[in-house]
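So the structure is just underneath, and the comments pick up after that.
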């Protein structure tokens, strides 16, 4: 540029033109990229982004199936589902948990127990976006109040759900069990798809055993939501498949009567229909309110139940393991006859004690002066200990253990009774393995009267008695009578596995049955008081189980023994003798005498079932005129 010229206009013009061209080219390129991207989004990837958009707007929600109902044999409802409105929180959507809880406390009546339970569930493993209930059973006023302030509470919903309810909760607590919220261990073993949206699962009893049948199959629905995740409308729905309804053999009337008869005492009653094995009553007293466990029992309520000295949570009928005492004698009588350890004509002189050898320890009879001359029928009717001491030693532990095993002792012989224990059937091998000791003849003596190591549950005693009532035909106890739905009963109920108990002489069954009838109706029968005046013949056996051991020459005085150290009272029996309709086992803890305490309970149940509750097609009692004539 020449001196004195301020600027080069032509050069600046060329520079500007080059820059403008570059800019135009850049803009064109960027517009091309933008158009290409728009083409990709709108045309090429249209379906993908439509789906993603719908996911922001449309959600898939699980629809839990209604749980199947449970009825007794007369179609009385035992377990139902009740609609309940609850306030729930989804932690992932809550903006400030503490502030939200404080706000809810100002709107609702929320107890300290509700908050404690919510905080506990908040810490537990759960599915993503799973609702956590804070309070159940909201009133209409509370629901309306939450609706007004709904916009202030993101992640808070009022949810309507069906919650399990037991109308006869205490009466059926140990039979039905209960449902409760799914815990960490259950989450690992359940099907996450089928249990999506489900908060409850069977915890015990029938509810647990038939969980797969009662639960049903989950459904789903596509719902449109707003930015806060609240449902606006349902776009598509696949309904869930409800769980199957169950009908049990249980008779609520007989179950109630059993509870009434044991009221104020601790004990158990099991009643079985011998032809089918159906459990007519299964009562463990005291019971408890199962409804408290459904939505979550409070710490105070659970502590009161668990620390109670009466142990209401303990199922005595299934898990109570007691020495059977003399109730074992009918089964041992069968074993003694069939093994040849005794005969119908064999008699002994009972001086009131038994000795294995001259000058040895005296094993005393319950009757201090002895029973005199007795045969096997007398020994059963009068409950002669000395007779059974002798035949027990003759049989030995191996023979006794084998026969008692055939009666179902030492195993859980039930088909669908959850939680039943197997008791303890001692054997030579068991004692060596557990105690590292050999089996002594004195052990056989104790086993001969159902004492020593032997333990049995009330359900096992009823099962063994049913075998005698059926003259050797096995019926495994069961609760399920029918499935009220599409599922065939054969596919739901487990198969039977026990074979009939066949004796060398089948007439021995009738002999033992008549011996048990003498207990109830004989001149010297130990339960003749309970059998007096009955319009039918019944068979039974009383028993007494020691809570603590006595010295050889020590006498038992109930008046001087603390109540909880007194003997347990037991009874097993069936009626009518010729065509058994009901088998009953009774135990009254610390009740003392089986004849004075347990037998009257059984008699009342016999009367209730045969004379009051059960009718034939013509409306007549189960006791026929022929039976009544006896």
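Numbering (my numbering), first residue to last: 1480 to 2109. In this text, a Cβ means the ideal position worked out from N, Cα and C, and glycines have one as well.
Buried or exposed, going by whether 16 or more other CB atoms sit within 10 Å of the CB of residue i?
i            : result
residue 2039 : For residue 2039, the predicted model reports a pLDDT of 47, less than 50, meaning its position is unreliable and no value from the coordinates is stated.
residue 1722 : buried
residue 1767 : buried
residue 2096 : Low per-residue confidence applies at residue 2096: pLDDT is 47, beneath 50, and the placement is therefore not dependable, though the value from the model is reported in the following sentence. Burial call: exposed.
residue 1996 : buried
residue 1590 : exposed
residue 2091 : exposed
residue 1838 : exposed
residue 1496 : exposed
residue 1787 : exposed
residue 1960 : buried
residue 1726 : buried
residue 2028 : Any reading at residue 2028 must be qualified, since the residue scores a pLDDT of 49, below 50, and its modelled position is unreliable; the value itself is stated next. That one is exposed.
residue 2044 : exposed
residue 2066 : buried
residue 1970 : exposed
residue 1733 : buried
residue 2059 : buried
residue 1509 : exposed
residue 1489 : exposed
residue 1612 : buried
residue 1962 : buried
residue 1981 : exposed
Would you give the residue range spanned by the alpha helix (DSSP H) that residue i belongs to?
i            : result
residue 2008 : 2007-2010
residue 2082 : 2078-2086
residue 1585 : 1576-1586
residue 1688 : 1684-1688
residue 1892 : Note, residue 1892: premise wrong, no alpha helix (DSSP H); not H, not E.
residue 1602 : 1591-1602
residue 1738 : 1731-1740
residue 1570 : Run containing residue 1570: none; DSSP gives neither H nor E here.
residue 1947 : 1937-1948
residue 1519 : Note, residue 1519: premise wrong, no alpha helix (DSSP H); not H, not E.
residue 1617 : Residue 1617 -> no alpha helix (DSSP H), and no H or E assigned at all.
residue 2072 : That residue, residue 2072, is in no alpha helix (DSSP H); it is neither H nor E in DSSP.
residue 1969 : 1968-1971
residue 1655 : 1652-1655
residue 1664 : 1663-1668
So the beta strand (DSSP E) residue i belongs to, where does it begin and stop?
i            : result
residue 1643 : 1635-1644
residue 1612 : 1611-1614
residue 1988 : That residue, residue 1988, is in no beta strand (DSSP E); its alpha helix (DSSP H) goes 1986-2000.
residue 1868 : Looking at the DSSP string, residue 1868 is not in any beta strand (DSSP E); the run it does join, the alpha helix (DSSP H), is 1864-1885.
residue 1679 : 1679-1681
residue 1523 : No beta strand (DSSP E) contains residue 1523, which DSSP labels as neither H nor E.
residue 1660 : 1658-1660
In the DSSP assignment, what are the bridge partners of residue i?
i            : result
residue 1696 : 1720
residue 2152 : The requested residue 2152 is not part of the displayed model; the chain covers only 1480 to 2109.
residue 2053 : 2018, 2062
residue 1928 : Its beta-bridge partners do not exist; DSSP assigns none.
residue 1560 : 1643
residue 1833 : 1842
residue 1541 : 1699
residue 1726 : 1550, 1961
residue 1565 : 1638
residue 1828 : 1852
residue 1508 : None, per the DSSP bridge assignment.
residue 1712 : 1703
residue 2067 : 1746, 2048
residue 1934 : 1903
Would you mind giving the Cβ-Cβ distance between residue i and residue j, rounded to the nearest angstrom? I have them listed as a contact below 8 Å.
i            : j            : result
residue 1800 : residue 1935 : 7 Å
residue 1793 : residue 1948 : Going by Cβ atoms, the distance from residue 1793 to residue 1948 rounds to 28 Å, so no, they are not a contact pair.
residue 2025 : residue 1930 : 7 Å
residue 2062 : residue 1753 : 5 Å
residue 1616 : residue 1563 : 5 Å
residue 1749 : residue 1760 : 7 Å
residue 1745 : residue 1764 : 6 Å
residue 1572 : residue 1633 : 6 Å
residue 1950 : residue 1988 : 4 Å
residue 2075 : residue 2049 : Actually they do not touch by this definition, with Cβ atoms about 12 Å apart.
State yes or no: is the beta carbon of residue i nearer than 9 Å to at least one beta carbon in chain C?
i            : result
residue 1496 : The displayed structure is made up of one protein chain only, and chain C is not part of it.
Is the beta carbon of residue i within less than 8 Å of some heavy atom of the ligand PLP?
i            : result
residue 1795 : Ligands displayed in this structure: none; no statement on the ligand PLP is therefore possible.
Q | Within the region 1743-1814, ranges of the beta strand (DSSP E) (whole runs, at least 3 residues) | A | Taking only runs of at least 3 residues, the beta strand (DSSP E) segments lying wholly in the region 1743-1814 are 1746-1752, 1757-1764.
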